[in-house]
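>
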Amino acid sequence: MTMVGEMWSHLGSTMGTLMLVYTLFKQFFPYHLQDSFEKYFNRIVRFAYPYVEITFDEFTGERMKRSEGYSRIKSYLGDKSTASAKRLKADVVKDSQSAVLSMDYNEEITDEFQGVKVWWSANRTLPTTQRISWYPNDDEKKYYRLTVHKRHRELITQSYISHVMMEGKEIATRKRQRKLYSNNPSQNWYGYRRSKWSNVLFEHPATFDTLAMDAKLKEEIKNDLI
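Numbering of the sequence shown is given in UniProt numbering, commencing with residue 1 and proceeding in unit increments.
(1) If you follow the beta strand (DSSP E) that L88 is in, where does it begin and where does it stop?
(2) Return the residue from the list W120, I156 and D214 that minimises the CA-CA distance to G78.
(3) Rounded to a whole number of angstroms, what is the C-alpha to C-alpha distance between Q158 and V148?
(4) Can you look up D111 in the DSSP assignment and give me helix, strand or coil?
(5) When DSSP labels each residue in this structure, what does S67 get in the three-state scheme?
(6) For L88 and E154, what's the separation of their Cα atoms in angstroms?
(7) If I follow the unbroken beta strand (DSSP E) through S162, where does it start and stop?
(8) Grab the span of the alpha helix (DSSP H) containing I221 for me, first residue to last.
(9) Identify, in the order they occur along the chain, each residue of the same chain with its Cβ nearer than 6 Å to the Cβ of K150, setting aside the five sequence neighbours on each side.
(10) By Cβ distance below 6 Å, which residues in the same chain neighbour Y76 in space, the five residues on each side in sequence not counted?
(11) Got a sec, what are the start and stop residues for the beta strand (DSSP E) N123 sits in?
(12) According to DSSP, is P136 part of a helix, a strand, or is it coil?
(13) Is L101 near S81, with beta carbons less than 8 Å apart?
(14) Mark V118 as exposed unless 16 or more other C-beta atoms lie within 10 angstroms of its C-beta, in which case mark it buried.
(15) Tell me whether M213 is buried or exposed, calling it buried when 16 or more other Cβ atoms sit within 10 Å of its Cβ.
(16) Helix, strand or coil for A83 per DSSP?
(17) For A99 versus A90, is the C-beta spacing smaller than 8 Å?
(18) Quick check: what's the CA-CA separation for I109 versus F59?
(19) What residues in its chain sit with their C-beta under 7 Å from that of H152, if we drop five residues either side in the sequence?
(20) Give the DSSP-derived three-state secondary structure of A48 in the structure shown.
(21) Report the rounded CA-to-CA distance for R174 versus L217, giving the unit in angstroms.
(22) Report, in whole angstroms, the separation of the C-beta atoms of R124 and T55, which I expect to be a contact under 8 Å.
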């Protein structure tokens, strides 16, 4: 069962009652009392909603450098997404026989840590209006959201997130590809995804067969390796 399904199975009747009360109040109570009521109503909703949500943005900080935490979460969720997500994104790497799959936006998967179930979702926000921008990368904001029952807050904040970061780093190291970096033109130095650097995958064309080596010696080396 997904996080949304479990949540509403536990809270459906409670939230339904609260929303009915809220609707009746908006219709029949004097307008000047509604602001105060909404403040207390929001407190009740927060009390009735038993989940904690933690957001990990792709870009954070004043310099808008890509968050290492976001990258590690992406690596950590990679294989889990392939196994359980219903909607996936595919990225075909050059010379690879298969596609690299990752969780699509607005998709949700579950994970378990020390017997505690958590939910991960991949999300993005797009501009609400079309506008002319000098910065082509200033288009969308991506983030991961972690949801867990509030009674497990301490376990998640003190142990689980560290576990995700360490595992994600190890996975990224195993799958790391060499990259070549170059300086961006000045118009890309500003905006949400501002950066003075861009990169491309380093794919060197040289192979053992193209090495300048005596053919007989090369064959002997190959035979030794078999």
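No residue lacks a Cβ here, since even glycine has one placed at the ideal position from N, Cα and C.
On the basis of the supplied data:
(1) Start at 1 with the first residue of the sequence shown, and residue 88 comes out as number 88. L88 -> beta strand (DSSP E) spans L88 to V92.
(2) Here residue 78 is taken as the residue at index 78 of the sequence shown, counted from 1. Closest by alpha carbon: W120.
(3) Within the sequence shown, the letter at position 158 stands for residue 158. Within the sequence shown, the letter at position 148 stands for residue 148. Taking the CA atoms as reference points, Q158 sits about 13 Å from V148.
(4) Translated into the one-based positions of the sequence shown, residue 111 becomes position 111. D111 falls in the strand class under three-state DSSP.
(5) If you number the sequence shown from 1, residue 67 lands on position 67. If DSSP states are grouped into helix, strand and coil, S67 belongs with coil.
(6) Counted from its first residue, the sequence shown places residue 88 at position 88. Counted from its first residue, the sequence shown places residue 154 at position 154. Roughly 31 Å between the two C-alpha positions.
(7) Sequence index remark: in the sequence shown, residue 162 carries index 162 (1-based). From DSSP, S162 is part of no beta strand (DSSP E) but of the alpha helix (DSSP H) over I161 to R174.
(8) Indexing the sequence shown from 1 puts residue 221 at position 221. Segment A215 to L225, the alpha helix (DSSP H) holding I221.
(9) In the sequence shown, counting from the first residue as 1, residue 150 sits at position 150. Correct list, in chain order: P50 and V52.
(10) Counting from one through the sequence shown, the residue named residue 76 turns up at place 76. So the list reads V164, E167 and G168, once near-sequence residues are dropped.
(11) By one-based count along the sequence shown, residue 123 stands at place 123. Looking at the DSSP string, the run of the beta strand (DSSP E) that includes N123 is V116 to T125.
(12) Taking the sequence shown and counting its residues from 1, one reaches residue 136 at position 136. Interpretation of P136 is limited by its pLDDT of 44, a score under 50 that renders its predicted location unreliable; no figure is taken from the coordinates.
(13) Position 101 of the sequence shown holds residue 101. Position 81 of the sequence shown holds residue 81. Taking 8 Å as the Cβ cut-off, L101 and S81 qualify as a contacting pair.
(14) The sequence position of residue 118 within the sequence shown is 118, counting from 1. Per the 10 Å Cβ criterion, buried.
(15) Your numbering for residue 213 matches position 213 in the sequence shown. Residue environment analysis places M213 among the exposed positions, since fewer than 16 neighbouring C-beta atoms fall within 10 angstroms of its C-beta.
(16) To locate residue 83, count along the sequence shown from 1; it is residue 83. If DSSP states are grouped into helix, strand and coil, A83 belongs with the helices.
(17) Working through the sequence shown from its first residue, we reach residue 99 at position 99. Working through the sequence shown from its first residue, we reach residue 90 at position 90. Yes; because the gap between Cβ atoms is below 8 Å, this pair is in contact.
(18) Here residue 109 corresponds to residue number 109 of the sequence shown, with the count starting at 1. Here residue 59 corresponds to residue number 59 of the sequence shown, with the count starting at 1. Looking at the two C-alpha atoms, the distance is approximately 22 Å.
(19) For the purposes of this step, residue 152 is identified with residue 152 of the sequence shown, where counting begins at 1. Closer than 7 Å at the Cβ level, and outside the excluded window around H152, lie V116.
(20) Residue numbering aside, residue 48 sits at position 48 when the sequence shown is read from its first letter. In the structure shown, the three-state DSSP call for A48 is helix.
(21) Taking the sequence shown and counting its residues from 1, one reaches residue 174 at position 174. Taking the sequence shown and counting its residues from 1, one reaches residue 217 at position 217. R174 and L217: Cα-Cα distance of roughly 32 Å.
(22) Numbered from its first residue, the sequence shown carries residue 124 at position 124. Numbered from its first residue, the sequence shown carries residue 55 at position 55. Not a contact, Cβ separation roughly 12 Å.
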